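Asker: Per my numbering: the sequence shown = residues 36 to 558.
Ideal Cβ positions, reconstructed from N, Cα and C, are used throughout, including at glycine.
Computed from a prediction, not measured in an experiment: that's the story for all the values here.
Dropping the structure in here first, questions after.
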Amino acid sequence: MHPAIHRHTLADVLRRSAARDPNKLAIVCGEVRWTYAQFHDVCERIAGGLSEFGVGKGDRVAILARNSHAFIALRFALARLGAVLVPINFMLKPDEVAYILRHAGARLLATDSEFAPVARAAAKLDTQVEDFIGLPGEHAGEPEDGTIRFDELAASAAATFELEVAGSDLAQIVYTSGTESLPKGAMLTHDAVLWQYVSCVVDASIAREDLALHALPLYHCAQLDVFLGPSIYVGATNVITAKPVPENLLPLIEKHRITSFFAPPTVWIALLRSPLFDKTDLASLEKGYYGASIMPVEVMREIARRLPKMKLWNLYGQTEIAPLATMLGPDDQLRKPGSCGRAVLNVETRVVDDAMQDVPRDGTTIGEIVHRSPQLLQGYFHDDERTAAAFEGGWFHSGDLATIDDEGYISVVDRKKDMIKTGGENVASREVEEAIYKLEGVSEVAVIGLPHPKWVEAVVAVVVAKNGVQLDEAAVLAHCARSLASFKMPKSVLFAEALPKNPSGKLLKRELRKAHESLFVTG
């Protein structure tokens, strides 16, 4: 039997969408507008061009670039060839990029004009990179000299050859954050990613009729594989931008009549605080999604009040599960505030103690979230030790601490590293944050643990006030005293104009800890 008869890969997903709806608008990015037929044709041509440069099955190709039509076209072209995508965080420094390039054994590095200097500097640091692909950005610009030009690849003869690419083959290696050690390369097959697409379509209600705005970085699997990939799977229209800031996002939502938008809580907060928010027609928004961290309850209520026609979903997961694991739907946002919901269609999730026994479903006992799923990674690339540790006991260990209630709804308490141990007591930073968010005038807050000579770790709150609001430490502490036990109270309240975040909008608590680590140190 011909091997293509049962094949189901990322390239097949695009081909089928193009066959169903060839004239449907697929991609909008700056001035570029591709129908599904045009999008598929471009990807086939890029695949044909890359094959002439010797790119084939199993070869690793890295991307260091902002969002663009070219980024997503290269992604599907690589899938067509059976090559392996290695997306890289563009905030990394050359030596950090070089580590990923070396570890993955990438032969090609695709980059745009903004990150070409970093790409070239990194490639010189004992990597296997042989050539660079120059990707055009959201707005027209000249590619760097000495690169394989995207437009030239797109003008190649379309790939007509059949490759023996199977769902069980590797589709991508996504490197997880290296906050505590060297980053790990999560190996995800076509099967894992596509099972995850199905979970997204079913549980996040991603539909052909959507007009979706994709603004968070595509190097991150949340935007790439929870939203853009599933949207292409069902044949939706996708607007891609590289700037997730209110002055760009709000006009795009109005201009394109966007119906579906994902952002982490920090970006939703920025939109709510923007002076453009109330001046922009946002009536088209039907579906709103958040993830990366739990939405503060008070912010969620504000969204419901100011965007009353928009349904809201909370999606939780991690790179290793491709990445969606649990979902809290629109009907439960106010009924189960702060919860990340229950396992999605193709995931089995438990909350367990150190002996791998289920914790009581009482909503208060803390355990670790573990998963089983066809969406899970095969393992960490060239890292058998950490692979074995992650799958100890026959379940994947998330590293997230949570409670589970009598209905099976999970609430993430903290990452293990964010649990503060103060005076022998455990304090969940998120609980303190939720309390402070209830104080009128607070725009954002992050709670961290800092070294303390008496308490070992001290609870510290870093607060951003709303524009025009004056807050002081005494007001914050008085507010906390009304709802928090004494040992959970901040030992200090600091004020900042903004909190450090990565390009995906996730708070960088490690930077706050580093910046203030000597707060309680006396000379």
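List the endpoints of the continuous beta strand (DSSP E) containing Cys64.
Answerer: Within the sequence shown, residue 64 is the residue found at index 29, counting from 1. Counting along the chain, the beta strand (DSSP E) containing Cys64 begins and ends at 60-64.
Asker: With 16 as the cutoff for other CB atoms within 10 Å, does Ser464 come out buried or exposed?
Answerer: Here the question's residue 464 lines up with position 429 in the sequence shown. Per the 10 Å Cβ criterion, buried.
Asker: Rounded to a whole number of angstroms, what is the C-alpha to C-alpha distance between His430 and Glu282?
Answerer: Residue numbering aside, residue 430 sits at position 395 when the sequence shown is read from its first letter. Residue numbering aside, residue 282 sits at position 247 when the sequence shown is read from its first letter. A small fix is needed here, since residue 430 is Trp in this sequence, not His. When rounded, the distance between both Cα atoms is 43 Å.
Asker: Are the CB atoms of Val90 and Leu7 within a distance shorter than 8 Å?
Answerer: Outside the shown range of the chain (36 to 558) lies residue 7, about which nothing can therefore be said.
Asker: Measuring straight from C-alpha to C-alpha, what distance separates Glu215 and Gly364?
Answerer: As a position in the sequence shown, residue 215 is number 180, starting the count at 1. As a position in the sequence shown, residue 364 is number 329, starting the count at 1. Residue confidence for Glu215 is low, a pLDDT of 47 falling below 50, so the modelled location carries little weight and cannot support an answer.
Asker: With a Cβ-Cβ cutoff of 8 Å, do Tyr324 and Pro300 count as a contact?
Answerer: Within the sequence shown, the letter at position 289 stands for residue 324. Within the sequence shown, the letter at position 265 stands for residue 300. The answer is no: Cβ separation not under 8 Å.
Asker: What does DSSP give as the partner residue(s) for Ile288 in the beta ladder?
Answerer: As a position in the sequence shown, residue 288 is number 253, starting the count at 1. Partner(s): none; Ile288 has no beta bridge.
Asker: Assuming Leu359 and Leu350 are in contact, meaning their beta carbons sit under 8 Å apart, how far apart are those beta carbons, in whole angstroms?
Answerer: Translated into positions along the sequence shown, residue 359 becomes position 324. Translated into positions along the sequence shown, residue 350 becomes position 315. Going by Cβ atoms, the distance from Leu359 to Leu350 rounds to 6 Å, so yes, they are a contact pair.
Asker: When DSSP labels each residue in this structure, what does Asp418 get in the three-state scheme?
Answerer: Translated into the one-based positions of the sequence shown, residue 418 becomes position 383. Asp418 falls in the coil class under three-state DSSP.
Asker: So what does DSSP say about Ser562, is it helix, strand or coil?
Answerer: Given that the chain is displayed from residue 36 to residue 558, the structure contains no residue 562 and the question cannot be resolved.
Asker: Using alpha carbons as the reference points, say which of Glu187, Glu479, Gly352 lies closest to Ile3.
Answerer: No information on residue 3 is available, as it lies outside the stretch 36 to 558 that the chain covers here.
Asker: Would Phe167 and Leu144 be called neighbours here (beta carbons separated by less than 8 Å)?
Answerer: The residue labelled residue 167 in the question sits at position 132 within the sequence shown. The residue labelled residue 144 in the question sits at position 109 within the sequence shown. Contact: yes.
Asker: At which residues does the alpha helix (DSSP H) containing His75 begin and terminate?
Answerer: Position 40 of the sequence shown, counted from the first residue, corresponds to residue 75. His75 -> alpha helix (DSSP H) spans 71-87.
Asker: Does the Cβ-Cβ distance between Asn102 and His249 come in under 8 Å?
Answerer: In the sequence shown, counting from the first residue as 1, residue 102 sits at position 67. In the sequence shown, counting from the first residue as 1, residue 249 sits at position 214. Taking 8 Å as the Cβ cut-off, Asn102 and His249 qualify as a contacting pair.
Asker: Counting Cβ pairs closer than 8 Å, one from the region 442-449 and one from the region 250-264, do we hit at least three?
Answerer: Not touching, per the Cβ criterion.
Asker: Quickly, what does DSSP pair Ile208 with across the bridge? List them, please.
Answerer: The sequence position of residue 208 within the sequence shown is 173, counting from 1. Per DSSP, Met222.
Asker: Select from Asp367, Ser86, Lys346 the residue whose C-alpha is nearest the C-alpha of Ala189.
Answerer: Here residue 189 refers to the residue found at position 154 when the sequence shown is read from its first residue. Of the candidates Asp367, Ser86, Lys346, the one whose C-alpha sits nearest the C-alpha of Ala189 is Ser86.
Asker: Tell me which same chain residues have a C-beta within less than 8 Å of the C-beta of Glu187, skipping the five on either side of it?
Answerer: Translated into the one-based positions of the sequence shown, residue 187 becomes position 152. Result list for Glu187: Gly84, in chain order.
Asker: For a quick check, are the C-beta atoms of Leu529 and Val495 less than 8 Å apart?
Answerer: Reading the sequence shown from its first residue, position 494 is the one you call residue 529. Reading the sequence shown from its first residue, position 460 is the one you call residue 495. Their beta carbons are under 8 Å apart, which means Leu529 touches Val495 by this criterion.
Asker: Going by beta carbon distance, what residues of the same chain come within less than 6 Å of Ile439, once the five residues before and after it are set aside?
Answerer: The residue labelled residue 439 in the question sits at position 404 within the sequence shown. Within the same chain, Ile439 has close Cβ partners Val386, Arg396, Ile445.
Asker: Between the C-alpha atoms of Val67 and Val274, what's the straight-line distance to the nearest angstrom?
Answerer: The residue you call residue 67 lines up with position 32 of the sequence shown. The residue you call residue 274 lines up with position 239 of the sequence shown. Between Val67 and Val274, the C-alpha separation is close to 10 Å.
Asker: Evaluate the contact criterion for the region 75-84 versus the region 217-234: three or more CB pairs, one atom per stretch, below 8 Å.
Answerer: No, the region 75-84 is not in contact with the region 217-234.
Asker: Suppose contacts are defined by Cβ-Cβ distances below 8 Å. Is Gly220 in contact with Ala141 by that definition?
Answerer: As a working note, residue 220 is residue 185 in the sequence shown. As a working note, residue 141 is residue 106 in the sequence shown. No.
Asker: Going straight from the alpha carbon of Asp245 to that of Thr315, what length do you get?
Answerer: What you label residue 245 is simply residue 210 of the sequence shown in a count that begins at 1. What you label residue 315 is simply residue 280 of the sequence shown in a count that begins at 1. Their backbone Cα atoms lie some 20 Å apart in a straight line.
Asker: Could you please give the first and the last residue of the uninterrupted beta strand (DSSP E) stretch that includes Tyr559?
Answerer: Residue 559 lies beyond the stretch modelled for the chain, which goes from 36 to 558, so this question has no answer here.
Asker: Tell me which same chain residues have a C-beta within less than 6 Å of the C-beta of Ile135, skipping the five on either side of it?
Answerer: Taking the sequence shown and counting its residues from 1, the one referred to as residue 135 is at position 100. Here the set comprises Ile123, Tyr210.
Asker: For Gly169, which option in Gln163, Asp366, Thr182 has the closest C-alpha, if you only look at C-alpha atoms?
Answerer: The count along the sequence shown starts at 1 and reaches residue 169 at position 134. Comparing Cα positions, the closest option is Thr182.
Asker: Hey, is the region 469-484 in contact with the region 515-531, meaning 3+ C-beta pairs nearer than 8 Å?
Answerer: With the cut-off at 8 Å, the region 469-484 and the region 515-531 touch.
Asker: Could you give the distance in angstroms between the alpha-carbon of Val511 and the alpha-carbon of His406?
Answerer: If you number the sequence shown from 1, residue 511 lands on position 476. If you number the sequence shown from 1, residue 406 lands on position 371. Rounded to whole angstroms, Val511 to His406 spans 38 Å at the Cα level.
Asker: State the CB to CB distance for the pair Ala157 and Val119, rounded to an integer number of angstroms; the pair is presumed to be in contact (CB under 8 Å).
Answerer: In the sequence shown, counting from the first residue as 1, residue 157 sits at position 122. In the sequence shown, counting from the first residue as 1, residue 119 sits at position 84. In fact, because the Cβ distance is near 18 Å, the residues do not count as touching under 8 Å.
Asker: Name the two residues that bound the continuous alpha helix (DSSP H) containing Gly264.
Answerer: Counted from its first residue, the sequence shown places residue 264 at position 229. Start and end: 264-269.
Asker: Which partner residues of Leu143 appear in the DSSP bridge assignment?
Answerer: The sequence position of residue 143 within the sequence shown is 108, counting from 1. BP columns for Leu143 point to Val96, Asp166.
Asker: Given that a residue counts as buried once 16 or more other Cβ atoms are within 10 Å of its Cβ, and exposed if not, what is Pro171?
Answerer: Walking along the sequence shown from the start, residue 171 turns up at place 136. Under this definition Pro171 is a buried residue.
Asker: For Ile445, does the three-state DSSP call read helix, strand or coil?
Answerer: Working through the sequence shown from its first residue, we reach residue 445 at position 410. DSSP places Ile445 in strand when its eight states are reduced to three.
Asker: What are the partner residues of Leu506, as DSSP defines its beta bridges?
Answerer: Counted from its first residue, the sequence shown places residue 506 at position 471. In the DSSP output, where bridge partners are listed per residue, Leu506 has none listed.
Asker: I need the straight-line Cα distance from Val269 to Ile241, nearest angstrom please.
Answerer: The residue labelled residue 269 in the question sits at position 234 within the sequence shown. The residue labelled residue 241 in the question sits at position 206 within the sequence shown. Cα to Cα, the separation comes out at about 8 Å.
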